[in-house]
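Single-structure report; data block below.
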Amino acid sequence: MGKRKKRKKSSRGGFRALVWVFLFAAFVSFVLYGVWQVLQYKGADTSIAMPKGNVLHLQEHRVVEKGSENRSVATPKRGIRHPYKNLEVPRNVSTQKRKEQLIEHTGYTVSYNADWRIPNWVGYELLRSELEGGVKRSDNFMPDPQVKKKSAENSDYRRSGFDRGHMAPAGDMTWDKQAMQESFYFSNICPQNPSLNSGAWRLLEEQIRLWAKKDSAVVVVCGPIVNPSRKMKKIGKNGVVVPSSFFKVVLVPYGDRPKGIGFLFKNSDTSKPFREFAVSIDSVESVTGLDFFAPLPDTVELRVEASFSLDDWSWRR
Numbered sequence: 002m003g004k005r006k007k008r009k010k011s012s013r014g015g016f017r018a019l020v021w022v023f024l025f026a027a028f029v030s031f032v033l034y035g036v037w038q039v040l041q042y043k044g045a046d047t048s049i050a051m052p053k054g055n056v057l058h059l060q061e062h063r064v065v066e067k068g069s070e071n072r073s074v075a076t077p078k079r080g081i082r083h084p085y086k087n088l089e090v091p092r093n094v095s096t097q098k099r100k101e102q103l104i105e106h107t108g109y110t111v112s113y114n115a116d117w118r119i120p121n122w123v124g125y126e127l128l129r130s131e132l133e134g135g136v137k138r139s140d141n142f143m144p145d146p147q148v149k150k151k152s153a154e155n156s157d158y159r160r161s162g163f164d165r166g167h168m169a170p171a172g173d174m175t176w177d178k179q180a181m182q183e184s185f186y187f188s189n190i191c192p193q194n195p196s197l198n199s200g201a202w203r204l205l206e207e208q209i210r211l212w213a214k215k216d217s218a219v220v221v222v223c224g225p226i227v228n229p230s231r232k233m234k235k236i237g238k239n240g241v242v243v244p245s246s247f248f249k250v251v252l253v254p255y256g257d258r259p260k261g262i263g264f265l266f267k268n269s270d271t272s273k274p275f276r277e278f279a280v281s282i283d284s285v286e287s288v289t290g291l292d293f294f295a296p297l298p299d300t301v302e303l304r305v306e307a308s309f310s311l312d313d314w315s316w317r318r
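Sequential numbering from 2 applies to the sequence shown in my numbering.
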């Protein structure tokens, strides 16, 4: 009996051991399968699929064929995909027609008004990497060689009481020698009150560079505000129109939540901080007759243009 009990106990112990081995193997298999699923998910491309024709890359350098009506050709930069093309080019939805010659330079695109001898608007994208350039200011103001009709000249500004105010600032073009020189074309210049040019306008330019550094890229459109129905002040032998005001709109398009802000400045003396001139982009559109950032999805465009909050932006101290 003792021997038989011993054999029986041994038989039961072997069965229990097999059960435990089976359960342990099942548990290990379950854990390994879960780990495999997590690794598969992390390795998957979870980005939203976009039409191939609309997938661009942020630009490292712009390759432009002079005189061409085509937009800039982008070379891959950081591999950041976005579906937005020509964000820096607004649409004119105003009932007031104005002369326009669209010119694309290395660092900016300009809508030039031959009647006024100033731009209608200037648009460009500024990348974080472009802030690392070391090209110095040329200060060589000259007529734009691509302008087909009359242009402003240096003599128009002498003793006029107005500065030669950049729209696309030279400080944003330090990444390329040609881009720097082209920023001094008169197609990018407007008669600007000296106090505004050296004050709030300049400080806003510096602030935008900080935003580009923080958010990797910004899109900027700026220009003069001219009311053709009123008598326009002009300077110089070429009759360069003096704007009554200036606008600037800024978009941060590539973050998780795109945001935008606008600014309106009177072309006059001011000592106010530039933040006090902040408005919604919709407000700028109503004054200028321009539709900004139309390539954005409608829901995004409506949100970033309808309102703004100063708290959404970092400000220099």
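Built from N, CA and C at the ideal position, the CB exists for glycine as well.
Predicted model only: the values in this text are computed from it and were never measured.
Cα atoms of V227 and Y255: separation of roughly 32 Å, rounded to the nearest angstrom. The C-alpha of S287 is placed about 13 Å away from the C-alpha of V250. V253 sits close to D216, with the two beta carbons spaced by under 9 Å. Residue Y113 holds the alpha-carbon nearest to the alpha-carbon of G124 among L132, E131 and Y113. Here the alpha carbon of S188 sits roughly 16 Å from the alpha carbon of G237. Proximity of the stretch 125-141 to the stretch 163-177 meets the contact definition, three or more beta-carbon pairs being nearer than 8 Å.
Taking C-beta separations shorter than 8 Å and ignoring five residues to either side along the sequence, the partners of K151 in its chain run A115, R118 and N239, following chain order.
When only Cα atoms are considered, R304 and W212 end up about 20 Å apart.
Runs of the alpha helix (DSSP H) spanning 4 or more residues and lying entirely within the stretch 128-212 occur at 155-158, 178-183 and 195-199, in chain order. Taking all protein chains in view, the Cβ of S284 is crowded by 16 or more other Cβ atoms within 10 Å, so the residue is classified as buried. Residue Q193 holds the alpha-carbon nearest to the alpha-carbon of D157 among Q193, Q102 and K273. Listed as beta-bridge partners of G224 by DSSP are F248.
Assigned with DSSP and collapsed to three states, D283 falls in helix. In this structure, the alpha-carbon of K273 lies about 31 Å from that of A295. E306 sits in a helix when the DSSP states are folded into three classes. Exclusion of the five residues before and after D270 leaves N194, S196 and L197 as the residues of its chain whose Cβ lies within less than 8 Å of its Cβ. For S112, the enclosing beta strand (DSSP E) begins and ends at T110 to N114.
In the three-state scheme derived from DSSP, where H, G and I count as helix and E and B as strand, D270 is classed as coil. A direct Cα-Cα distance of roughly 26 Å separates L265 from M181. Assignment of beta-bridge partners to K260 by DSSP yields V253. Of all alpha-carbon atoms in N268, D312, I262 and L297, the one lying nearest the alpha-carbon of A279 is that of I262. Here R258 is exposed, its C-beta having fewer than 16 other C-beta atoms within 10 Å. When only Cα atoms are considered, L205 and K149 end up about 32 Å apart.
9 Å or more divides the Cβ of V221 from the Cβ of P91. Counting only the Cα atoms, E207 lies some 21 Å from F163. In the DSSP assignment, V242 forms a beta bridge with K235.
Residue environment analysis places P225 among the buried positions, since at least 16 neighbouring C-beta atoms fall within 10 angstroms of its C-beta. Residue pairing from DSSP places L291 in a beta bridge opposite N93.
Just so you know, the alpha carbons of T110 and G172 end up roughly 16 Å apart. If you draw a 10 Å sphere on the C-beta of S184, you find 16 or more other C-beta atoms in it, and that means buried. Take P144, set aside five residues on each side of it, and the residues of its chain with a beta-carbon closer than 6 Å to its own are S152 and F187, in chain order. Assigned with DSSP and collapsed to three states, L88 falls in coil, not helix or strand.
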